[in-house]
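Numbering (the working numbering), first residue to last: 8 to 191. Where a beta carbon is used, it is the ideal one built from N, C-alpha and C, also for glycine. Note that the coordinates shown come from a computational prediction; the quantities given were computed from them, not determined experimentally.
Laid out in structure tokens, this is it:
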């Protein structure tokens, strides 16, 4: 039996990684596609788990060889998923979870209309800005650019199969909602 394809997306800082991490722990048949990126690792990132960290030349070669399932440039770094990684998981019967930005979500959904698009949103844009500033250790560089990007990303929510509000301090509620959607 071939697995289902889920796309978890939303603006930067909304908690996609936290939600995905918990979903993967709770649903053994759900597997995350480990995406490739050219961005430098953050403090807690693990190569091959968080991302496959590649230099720009290697990533571009994968694009040129048409081995990427989807890819995009975001904040000066390339992000994408290898076609072989996705196919192997689905053929093994696993449900596949993509955790991607809205551009990646659009690309995947257009190529795979059967994919279930879950849009994660915060209660307010200001809340997202606070989360981003905290995550990036208080740096304010590029925050206005990020705010404009968040506003653009929020417009994509209208195209989602399901919208879920990830309320501050209510991760469990968010997870229960998503699990119910996956079991429907």
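Review point. Quick one: any contact between the segment 152–165 and the segment 129–142, if contact means 3 or more CB pairs under 8 angstroms?
Key: yes
Practice item. Label residue 86 either buried or exposed according to how many other C-beta atoms from any shown protein chain fall within 10 Å of its C-beta, with 16 as the threshold for buried. Key: The residue labelled residue 86 in the question sits at position 79 within the chain shown. Burial call: buried.
Exercise for review: Please classify residue 54: does DSSP put it in a helix, a strand, or coil?
Suggested key: Within the chain shown, numbered from 1, the residue matching residue 54 stands at position 47. Of the three classes helix, strand and coil, the one that applies to residue 54 here is strand, per DSSP.
Review point. What is the DSSP secondary structure of residue 92, reduced to helix, strand or coil?
Key: Indexing the chain shown from 1 puts residue 92 at position 85. Residue state, collapsed to three classes: helix.
**Study point:** Touch test, the segment 109–118 against the segment 8–28, Cβ-Cβ under 8 angstroms, three pairs minimum
**Key:** yes
Point to revise | residue 73 classed as buried or exposed, judged by whether at least 16 other C-beta atoms fall within 10 angstroms | key: The residue given as residue 73 occupies position 66 in the chain shown. Counting Cβ neighbours within 10 Å, residue 73 comes out exposed, since fewer than 16 surround it.
Practice item. Would you kindly check if the distance between the Cβ of residue 182 and the Cβ of residue 26 is under 8 angstroms? Key: One-based indexing of the chain shown puts residue 26 at position 19. One-based indexing of the chain shown puts residue 182 at position 175. Yes, they are a contact pair.
Exercise for review: Compute the Euclidean distance between the alpha carbons of residue 120 and residue 94, then round it to the nearest angstrom.
Suggested key: Counting from 1 along the chain shown, the entry for residue 120 is found at position 113. Counting from 1 along the chain shown, the entry for residue 94 is found at position 87. Spanning the two alpha carbons is a distance of roughly 16 angstroms.
Exercise for review: Please look up how many angstroms separate the CB atoms of residue 162 and residue 126, rounded, as I've assumed it's under 8 angstroms.
Suggested key: Residue mapping note: residue 162 aligns to position 155 of the chain shown, counting from 1. Residue mapping note: residue 126 aligns to position 119 of the chain shown, counting from 1. 11 angstroms between Cβ atoms; not a contact.
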